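Heads up, the thing below is written out as structure tokens.
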């Protein structure tokens, strides 16, 4: 946290949640809101990206991006820690996160877009909006049009309050006095011009604008058009300008931080968009006193230009409003036969009185448009929301109405939902697209093939239990068949957030068994385990020796290794630090290995430190250090309590330049029974297994075996087994990892729960055989 301050007595604590403060209109409004609210409340800005802040803001910044994809956990954590009373979010993904992490605070989400124009009605995201948005205590829409879109196209029943955007009128007027660049002045050559502002994208419809301007230019050849923006359509639009012979009359100018100097001298701002949320360009033009011609797009122009807040009907012709001219949405003109925009240009530019009247009314409107009124509306929403009663969740209503509740999906996501939801609701089975590879029942519940379902739409509620990449496909299938009762659970399948949130009252045995079932699709008898994987779960519950925590720490384990087998087996240590910022890279060699002291896969090989991207690497290590690895993959509780640190070790390089092999020795009750060697991890990962006398085993664990690749028996195999068994003394089971570099053995790490006990054995009988090697009742 930056600039943290104490709670001010009984003043409300407000969280404003968004992605960043370095780009985007919604992010800019979030920053301005935090600044305005910070004079009345304790304000905390929760940001995924705290770098390169360019927008104004107020309050305390909270970095929620350290946990990478697990950002919902720190949101919930800080909501509790800071005793947040009201949490306000901007942008769709942050709105979802705000709702899903609700604790005791009230949730306000801010919608800035016309979602129905961005995506199909029946895709997964649309269904999430329909479902999640109704959990919000209040929704703030940036316009009445956005409110209309949510209510009529998404059936959002939550209270929606339209509040327009803040505007810095003083800054706009000051910047509008600056001089237009000489290059643009040369292009204009003292001609009158029109201005269009916006990224070069289908939404902004500049293609139709160019066509319509070309029509008007036939009547008024002295007028020019500047399109101020950048984007993916630049090449296509320039080609269109060329094809219309308009190179000397239309110019695309890259977007600038000061568009206001262009607006001031323009005859009119032209808004040709197919959709908007609330076009800031119109507000800015009216602040300066520039007439506006706009399409009647959803949403915003009709409100700003004429106080028209109803959207049940669209206009069908050129319409004069108080503060500008409105024309029909150009995308409704499929045959390109009408010239509404060209007509509006002619009406406005040929009539000085119309221009003056529009400008006078704009100035009057903007005199009354002020940030204090907008702030009062936000404060009113916040204060009323704080005292609002709790709503009954739509999920509870949907799953308790007597229909069959079926989870579409029987993989990791579907099973995660099943083991969570079955504690609260009746779950009647699973649905899959194809039953190939499935039995008729899974954990006692029937599995149905979708195309063979015989239930009607009124008889089933579908719970979407698949990943984001296939949700749209599944939702389309359901809609084609007429199934309409579709919900997305009000829980996330990722166990990390769940376990962190509930760690004080977890039933470890129950949670671990459910987690195992989700990952393996196999049941487990934890009292009498048989297979290797089952016994790993038993060890997690019953064999959490304090020393395991010490040996799971890549720094502290070095002391144990030195004591048991001698420090000659340790890779030379280059340094230990508490955080990435503490590392003095000038004192490190050009090549080294940088590691976190806890977790798996938390290491970086540096082959040339001059090429390090420190911003990226710091974020990676910050994320790794923030995670609690006991909850990340199957309740490996021996990771709990390890102080996160960073260490650097010498980079081992063989004389022949080949990659080093990693030898993993499985030690059971002090005896090596199996040796694993991984091959080509980065491309086609395979894994060969050997007996202690180096006899190849044609079995596989997780990755396929490679019988065609001959791995020579290490010359130091006897020594390798000897040191592994010394390190494994006193444990029921441990995996000891080593490197062999230039005929010398180096210690890698000790692992007590290989693969967290979920890796697939082929054949399955080999998993049973390995389980028999583990005498969980032996006294070691």
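Residue numbers (my numbering): -3 to 776. Where a beta carbon is used, it is the ideal one built from N, C-alpha and C, also for glycine. Just so you know, these numbers come straight off a predicted model, no measurement behind them.
Residue 161 and residue 269 look like a contact to me (Cβ under 8 Å); what is the Cβ gap, rounded to whole Å? Not really, about 16 Å apart at Cβ, beyond 8 Å.
Comparing alpha-carbon positions, which option in 446, 483, 338 and 459 lies nearest residue 476? 446
Can you tell me which of the three DSSP states residue 466 falls into? Note: residue 466 maps to helix in three-state DSSP.
Residue of 87, 685 and 395 minimising C-alpha distance to residue 701: Cα-wise, what sits closest to residue 701 is 685.
What beta strand (DSSP E) runs, 3 residues minimum, are completely inside the segment 204 to 235? List check, beta strand (DSSP E) in window: 220 to 224.
Is it buried or exposed for residue 773, if we count other Cβ within 10 angstroms and need 16 for buried? With fewer than 16 Cβ atoms within 10 Å of its Cβ, residue 773 is classed as exposed.
Collapsed DSSP secondary structure at residue 58 in the structure displayed: strand
With a cut-off of 8 Å, do at least 3 Cβ pairs link the segment 251 to 270 to the segment 93 to 111? no
How big is the Cα-Cα spacing for residue 317 and residue 120? 39 Å
Neighbourhood of residue 290 by C-beta distance below 7 Å, restricted to the same chain and skipping five residues each side: 267, 278, 297, 301, 320 and 322
Straight-line gap, residue 288 to residue 376 (C-alpha atoms, nearest Å): 32 Å
Where does residue 245 fall in DSSP's three states? coil
Beta-carbon proximity of residue 745 to residue 697, cut-off 8 Å: Contact: no.
Apart from the five residues just before and just after residue 741, which ones in its own chain have a Cβ nearer than 8 Å to its Cβ? 565, 712, 715, 716, 719, 734 and 735
Among 748, 554 and 593, nearest to residue 633 - alpha-carbon criterion: 748
Is the Cβ-Cβ distance between residue 781 and residue 295 less than 8 Å? Examination of residue 781 is not possible in this model, given that the chain is present from -3 through 776 alone.
Ignoring anything shorter than 4 residues, give me the alpha helix (DSSP H) runs that lie fully in the segment 293 to 379, in order along the chain. 297 to 302, 336 to 345 and 348 to 364
Assuming residue 780 and residue 233 are in contact, meaning their beta carbons sit under 8 Å apart, how far apart are those beta carbons, in whole angstroms? The displayed coordinates of the chain run from -3 to 776. Any statement about residue 780 would go beyond what the structure contains.
Run the CB neighbour count on residue 30, radius 10 Å, all protein chains shown included, and call it buried at 16 or more, exposed below. buried
My assumption, with CB atoms under 8 Å, is that residue 250 sits in contact with residue 226. Please give the rounded CB distance. 5 Å
I need the straight-line Cα distance from residue 636 to residue 77, nearest angstrom please. So the two alpha carbons sit approximately 21 Å from each other.
Tell me, please, whether the segment 48 to 63 touches the segment 182 to 202 by the rule of three or more beta-carbon pairs shorter than 8 Å. no
In whole angstroms, what separates the C-alpha of residue 460 from that of residue 395? 13 Å
In this structure, what does DSSP give as the bridge partners for residue 265? 191 and 288
Once DSSP output is grouped into helix, strand and coil, what is the label at residue 382? helix
State yes or no: is the C-beta of residue 662 within less than 8 Å of the C-beta of residue 670? yes
Taking the alpha helix (DSSP H) that residue 181 belongs to, which residues open and close that run? 178 to 184
C-alpha distance - residue 622 paired with residue 583, whole-angstrom precision: 26 Å
Do you know whose CA, among 35, 72, 110 and 81, lies nearest residue 93's CA? 72
Per DSSP, what are the beta-bridge partners of residue 106 in this structure? 86 and 136
Regarding residue 206 and the ligand COA, is the C-beta to nearest heavy atom distance less than 7 Å? Judged by which ligands are present, the structure shown has none, so any question about the ligand COA falls away.
Beta carbon of residue 222 nearer than 8 Å to that of residue 189: yes
Using the C-alpha atoms, what's the distance from residue 283 back to residue 781? The structure shown does not extend to residue 781, since the chain is modelled only from -3 through 776, so no value can be given for it.
Would you list the one or two residues that DSSP bridges to residue 471? DSSP, once it has assigned bridges, lists no residue as partnering residue 471.
Return the chain-ordered list of same chain residues with a C-beta closer than 6 Å to the C-beta of residue 5, the five sequence neighbours on each side being excluded. Note that residue 5 scores 45 on pLDDT, short of 50, meaning its location in the model is unreliable; the coordinates nonetheless yield the value given after this. Counting only Cβ-Cβ distances below 6 Å, and skipping sequence neighbours, we find nothing.
How do the segment 751 to 765 and the segment 538 to 553 stand: do at least 3 beta-carbon pairs fall below 8 Å, yes or no? no
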